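Sequence lines, in order, name chains S and P.
Position in the first sequence (from 1) plus 3 gives the number in the numbering used here.
Position in the second sequence (from 1) plus 570 gives the number in the numbering used here.
Note that CB positions come from ideal geometry on N, CA and C, so glycine has one too.
Bear in mind that the values here come from a model prediction, so they are computed numbers and not experimental data.
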Amino acid sequence: MLRDRFRPTALAAAAVLLLAACSGTAGEAAADAGQPVSGGSLTWGIETEPITFNPHLYAQAKARLLVANSFEGLLTHDANGGYVPLLATGYEPSADGRTYTFKLRTGATFSDGTPFDAAAVKANIDQLLTPGYAPTVAAVQLKNLTSVEVTDPATVVYHLARPDVLLLDFISSPQGAVVSPQSLTKAADLKAGGPGLAGTGPFILDRYTAGQEVHYKRNPSYWGSRPAYLDEVTYRFLKESSVRVGALTSGQVQVIEGVPATDQALITGDPRLSLTRELNSGSAYSYYLNVAHAPFDDLKVRQAFRDALDVGTVLNAVYQGTATRAWSVVGPASPLYDKSLEGSYGNNPARANQLLDEAGWTTRDADGFRTKAGKRLTVRLVQSAPFVRDRRDILAQTVQAAVKQSAGIDLAVSLVDQGTATKALADGAYEVFDNSRADTDAGAALNLLLASNGAINRTGSKDPALDKLLDAGQATADPARRKAAYAKIQQRVVAEQAIVLPLYAPNDQIAAARTVGGLSFEPTAGVPTSAYPVWVRK
Amino acid sequence: MTAVLRRLATGAVVLWAAATAAYLALLAAPGDTVDSIIGDGADTPLIRSQIVAEWGLNRPAVVQYADYLLRAAHGDLGRSYLLQRPVRDIVGEQIWPTLKLALFAALLGALLSLLLAVTTRRPWARRASSTAELVLVSTPPFLIGIILLSVFSFRFGLFPVAGDRGFAALVLPAVTLALPIAGVLTQVLRDGLDRALEEPFAVTARSRGLRESAVLLRHALRHALLPAVTLTGWLFGILLGGAVIIEQVFGRPGLGQVTLQAVNTKDMPVVLAVVVLSAAVYVVLNTAADLAYLLIDPRLRGS
Numbered sequence: 004m005l006r007d008r009f010r011p012t013a014l015a016a017a018a019v020l021l022l023a024a025c026s027g028t029a030g031e032a033a034a035d036a037g038q039p040v041s042g043g044s045l046t047w048g049i050e051t052e053p054i055t056f057n058p059h060l061y062a063q064a065k066a067r068l069l070v071a072n073s074f075e076g077l078l079t080h081d082a083n084g085g086y087v088p089l090l091a092t093g094y095e096p097s098a099d100g101r102t103y104t105f106k107l108r109t110g111a112t113f114s115d116g117t118p119f120d121a122a123a124v125k126a127n128i129d130q131l132l133t134p135g136y137a138p139t140v141a142a143v144q145l146k147n148l149t150s151v152e153v154t155d156p157a158t159v160v161y162h163l164a165r166p167d168v169l170l171l172d173f174i175s176s177p178q179g180a181v182v183s184p185q186s187l188t189k190a191a192d193l194k195a196g197g198p199g200l201a202g203t204g205p206f207i208l209d210r211y212t213a214g215q216e217v218h219y220k221r222n223p224s225y226w227g228s229r230p231a232y233l234d235e236v237t238y239r240f241l242k243e244s245s246v247r248v249g250a251l252t253s254g255q256v257q258v259i260e261g262v263p264a265t266d267q268a269l270i271t272g273d274p275r276l277s278l279t280r281e282l283n284s285g286s287a288y289s290y291y292l293n294v295a296h297a298p299f300d301d302l303k304v305r306q307a308f309r310d311a312l313d314v315g316t317v318l319n320a321v322y323q324g325t326a327t328r329a330w331s332v333v334g335p336a337s338p339l340y341d342k343s344l345e346g347s348y349g350n351n352p353a354r355a356n357q358l359l360d361e362a363g364w365t366t367r368d369a370d371g372f373r374t375k376a377g378k379r380l381t382v383r384l385v386q387s388a389p390f391v392r393d394r395r396d397i398l399a400q401t402v403q404a405a406v407k408q409s410a411g412i413d414l415a416v417s418l419v420d421q422g423t424a425t426k427a428l429a430d431g432a433y434e435v436f437d438n439s440r441a442d443t444d445a446g447a448a449l450n451l452l453l454a455s456n457g458a459i460n461r462t463g464s465k466d467p468a469l470d471k472l473l474d475a476g477q478a479t480a481d482p483a484r485r486k487a488a489y490a491k492i493q494q495r496v497v498a499e500q501a502i503v504l505p506l507y508a509p510n511d512q513i514a515a516a517r518t519v520g521g522l523s524f525e526p527t528a529g530v531p532t533s534a535y536p537v538w539v540r541k
Numbered sequence: 571m572t573a574v575l576r577r578l579a580t581g582a583v584v585l586w587a588a589a590t591a592a593y594l595a596l597l598a599a600p601g602d603t604v605d606s607i608i609g610d611g612a613d614t615p616l617i618r619s620q621i622v623a624e625w626g627l628n629r630p631a632v633v634q635y636a637d638y639l640l641r642a643a644h645g646d647l648g649r650s651y652l653l654q655r656p657v658r659d660i661v662g663e664q665i666w667p668t669l670k671l672a673l674f675a676a677l678l679g680a681l682l683s684l685l686l687a688v689t690t691r692r693p694w695a696r697r698a699s700s701t702a703e704l705v706l707v708s709t710p711p712f713l714i715g716i717i718l719l720s721v722f723s724f725r726f727g728l729f730p731v732a733g734d735r736g737f738a739a740l741v742l743p744a745v746t747l748a749l750p751i752a753g754v755l756t757q758v759l760r761d762g763l764d765r766a767l768e769e770p771f772a773v774t775a776r777s778r779g780l781r782e783s784a785v786l787l788r789h790a791l792r793h794a795l796l797p798a799v800t801l802t803g804w805l806f807g808i809l810l811g812g813a814v815i816i817e818q819v820f821g822r823p824g825l826g827q828v829t830l831q832a833v834n835t836k837d838m839p840v841v842l843a844v845v846v847l848s849a850a851v852y853v854v855l856n857t858a859a860d861l862a863y864l865l866i867d868p869r870l871r872g873s
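Right, here's the structure in full:
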């Protein structure tokens, strides 16, 4: 049985209502902006200029709001971690979980005039599997896909080698978006994307000035129940946060995203502006401890490192109360989050010191650090400068001071270039690895980070029991059983094994003039939505 | 004729040397190209092998280098690893905004320094100006930019904050870039003027009954200009380095941002193109400076 037809406008409205319900500021902003009106233009200052506008090669969560303007997939996320049809009208998994049949919407066209049909969907998958085109998607998201079959113009069947519910997450992700097959063969710079790539979305990218801005105009023949409210949207790339905030307060842009903790008072203190925040999906920003060699091969030392740290105090010092503490490797916004971890560990220097004594780190050197057989208890954290955000370098320094004071642990932090960081990882010359992932399904992030053969497994942990749990979580579509499997995983890596030390849940911020309505965050992903539901009061 | 040919040959050698030095430096930097393309994303043997195959990274470094030189000689600068576009397009579309900014800033800086050096001859004006120059030279351009933006764009709304959109948007970034240049040039010019005015020819000129301002402008200034022109190479470095920061602060397109991103991500084809381009501009500017000496100082023409 195929699922009911789901109207995307209802989805957008539900998202707005939901957000208004949980956030007072959003509600007030909507009231100021009045009822939705058509027309007008909007200028939006954004932090990140995308590396590519091709949705298949999407790799930056900060670029999601742009991708969603002009590209859509067969499904999208709802607010509860489930899936709702977008370019599909419904889907049906087979009983063994190895075949997914999608019924497609008829009557939708790409902005270059090509009709949207099953052949277009298949052309996109074929393109993704072309060697050298999107190696990450082929090797990670589509690793269990054997073939895609077109049974009629409105039906497409995905065949999998083994059950994999993350296929649905891929189909709802930017990488799973459907690009016009004509663009796939004709676009001049296919991998860079841009005006040459047509999608089915409510806006059309018509102008891109590298280093400055990207401009979208309304897609007049959008298939949805209404076209976008705005005539046009300009996204300006303003990389400096103080410049973004200044541009907003002086009225040169009407919306910005990315408001650091230090600037949030400027927004909240201005009655013309509103600020909303939303937790991201995926994995929390965490320290992953390398168990492949000493000293973190010893469970007691890992537990001691965890217990030596008062995460709450450290976060307050760095983010002035604007950060949300993470208790699990899974972000608290995820439906897979295990709430029972909250308050169950940590901030116990006495126990940390006792554990280190038991582990044999009993002596101290002249600098006050613990030693064992003449060797200092040093753990190295190597941060790659181009990927440091949210002042994570400052956070590391604060953690460094905290664990030194409470337990005599020497956290050696180095901020280096990408090449040096990769080399340190390849050589195993690190004991702490830091990371957060914005995958919409936290399970996808955990597969990469925790599985023995995971593509970003930096803990060196090869735990068959953990692999079994990860496989179970990926194979079952039943939400309760998935949640149970992932709860066990979280208990194991955070509480029992102390392989992962969660720090904070990354969030996204939108600050806007109160004349702008309909701004919200994508359900599940927790990043700003496209401009489709947005309007400007006249 | 031979002099021109010699200059061209020297220029070509400088370009080749710059490209080779940059190539070797990038080769010697930690982490290989595959690492930098993967960044902090997923990393599996399959992904690696596809990247190696796509960019031909399995060939020996010497072959890759020779291939690069050969194609560069034919005007093909390759494709950006990160941006997946031809380097020629990336550099081509970003060069004009940077050039516009650099030229305007250089002009502004030169005019301002001339004006200051000539007008602030009185002891009190000199002291005030000297202090201001020192402050400007020692303030990071980043800070100057933010202050100018806060006052003239955010508070008074006189200039737009960002982008390459017309003359108004050029003013603040160019002033930011010009102020430190003016600071240094003014000090050099003033020092040159002081020394020239103590020379016997100044005394002679005064004894002919020339007014002090005429002595200053017609005679001393020419002498003072020589050391300032020598600073052209330095000026170019400041302009390029400053562009990186100023384009970032003002959200302007340009080579500075391209360079920063390319260096951070070890995007070899783009870095090489920027290095070669900078070397080319450097050669041209130094040649122009040599010619300017001849124009300014007739005594140098004979030798």
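Is residue j closer than 8 angstroms to residue i when the C-beta atoms are compared?
{"i": "tyrosine 322 (chain S)", "j": "leucine 506 (chain S)", "result": "no"}
{"i": "proline 58 (chain S)", "j": "alanine 180 (chain S)", "result": "yes"}
{"i": "aspartate 167 (chain S)", "j": "serine 44 (chain S)", "result": "no"}
{"i": "proline 730 (chain P)", "j": "alanine 739 (chain P)", "result": "yes"}
{"i": "alanine 250 (chain S)", "j": "valine 258 (chain S)", "result": "no"}
{"i": "valine 419 (chain S)", "j": "glutamine 400 (chain S)", "result": "no"}
{"i": "phenylalanine 105 (chain S)", "j": "glycine 202 (chain S)", "result": "no"}
{"i": "alanine 698 (chain P)", "j": "arginine 760 (chain P)", "result": "no"}
How many angstroms separate the CA atom of residue i from the CA atom of residue j?
{"i": "arginine 229 (chain S)", "j": "valine 40 (chain S)", "result": "12 angstroms"}
{"i": "leucine 767 (chain P)", "j": "serine 700 (chain P)", "result": "19 angstroms"}
{"i": "proline 770 (chain P)", "j": "alanine 573 (chain P)", "result": "36 angstroms"}
{"i": "alanine 448 (chain S)", "j": "threonine 532 (chain S)", "result": "21 angstroms"}
{"i": "glutamine 664 (chain P)", "j": "alanine 498 (chain S)", "result": "51 angstroms"}
{"i": "isoleucine 816 (chain P)", "j": "isoleucine 714 (chain P)", "result": "10 angstroms"}
{"i": "threonine 149 (chain S)", "j": "glycine 84 (chain S)", "result": "26 angstroms"}
Name, please, each residue of chain S whose Cβ falls closer than 8 angstroms to the Cβ of residue i.
{"i": "proline 868 (chain P)", "result": "Neighbours of proline 868 (chain P) on chain S: none; closest Cβ ~45 angstroms, over 8 angstroms."}
{"i": "threonine 835 (chain P)", "result": "Pro389 and Gln421"}
{"i": "alanine 616 (chain P)", "result": "Reading off the sequence, residue 616 (chain P) comes out as leucine, not alanine. Correct list: Pro138, Ala141 and Ala142."}
For residue i, report the span of its alpha helix (DSSP H) as first-last.
{"i": "threonine 212 (chain S)", "result": "Note, threonine 212 (chain S): premise wrong, no alpha helix (DSSP H); beta strand (DSSP E) at 206–212."}
{"i": "threonine 79 (chain S)", "result": "No alpha helix (DSSP H) contains threonine 79 (chain S), which is instead part of the beta strand (DSSP E) from 78–80."}
Kindly say whether residue i, judged by its beta-carbon, lies nearer than 8 angstroms to any beta-carbon of chain S.
{"i": "arginine 822 (chain P)", "result": "yes"}
{"i": "glutamine 634 (chain P)", "result": "no"}
{"i": "serine 848 (chain P)", "result": "no"}
{"i": "leucine 795 (chain P)", "result": "no"}
{"i": "leucine 647 (chain P)", "result": "no"}
{"i": "serine 708 (chain P)", "result": "no"}
Residue i touches chain S at which residues, Cβ-Cβ below 7 angstroms?
{"i": "proline 600 (chain P)", "result": "Gly422, Thr423 and Lys426"}
{"i": "glycine 727 (chain P)", "result": "Ser253"}
Taking Cβ-Cβ distances shorter than 8 angstroms, what residues in chain P pair up with residue i?
{"i": "alanine 246 (chain S)", "result": "Correcting the residue type first, residue 246 (chain S) is valine in the shown sequence and not alanine. Here the neighbours are Ile716, Leu719, Val731, Ala732, Val819, Phe820 and Gly821."}
{"i": "threonine 55 (chain S)", "result": "Leu653 and Gln654"}
{"i": "glycine 249 (chain S)", "result": "Leu719, Ser720, Ser723, Phe724 and Val731"}
{"i": "alanine 195 (chain S)", "result": "Leu653, Gln654 and Arg655"}
On the DSSP letters alone, give me the boundaries of the beta strand (DSSP E) that residue i sits inside.
{"i": "phenylalanine 105 (chain S)", "result": "102–107"}
{"i": "aspartate 637 (chain P)", "result": "Note, aspartate 637 (chain P): premise wrong, no beta strand (DSSP E); alpha helix (DSSP H) at 631–643."}
{"i": "isoleucine 412 (chain S)", "result": "Where isoleucine 412 (chain S) is concerned, there is no enclosing beta strand (DSSP E), given that its DSSP letter is neither H nor E."}
{"i": "histidine 162 (chain S)", "result": "158–163"}
{"i": "leucine 233 (chain S)", "result": "Segment: none, leucine 233 (chain S) is in no beta strand (DSSP E) and carries neither H nor E."}
Is residue i close to chain P? Criterion is C-beta to C-beta, closer than 8 angstroms.
{"i": "alanine 213 (chain S)", "result": "yes"}
{"i": "glycine 43 (chain S)", "result": "no"}
{"i": "leucine 522 (chain S)", "result": "no"}
{"i": "leucine 451 (chain S)", "result": "yes"}
Can you pull the chain P residues whose beta carbon is under 9 angstroms from the beta carbon of residue i, in chain order?
{"i": "glycine 285 (chain S)", "result": "Ordered by position in chain P, no residue passes the 9 angstroms Cβ test against glycine 285 (chain S), which lies about 14 angstroms from the chain."}
{"i": "alanine 458 (chain S)", "result": "Gly611, Ala612, Asp613, Thr614 and Ile617"}
Residues of chain S with a CB under 9 angstroms from the CB of residue i: which are they?
{"i": "isoleucine 621 (chain P)", "result": "Gly135 and Pro138"}
{"i": "aspartate 761 (chain P)", "result": "Simply none; closest approach about 36 angstroms."}
Taking C-beta pairs closer than 7 angstroms, name the residues in chain P that residue i reaches, listed in chain order.
{"i": "glutamate 243 (chain S)", "result": "Gln818 and Val819"}
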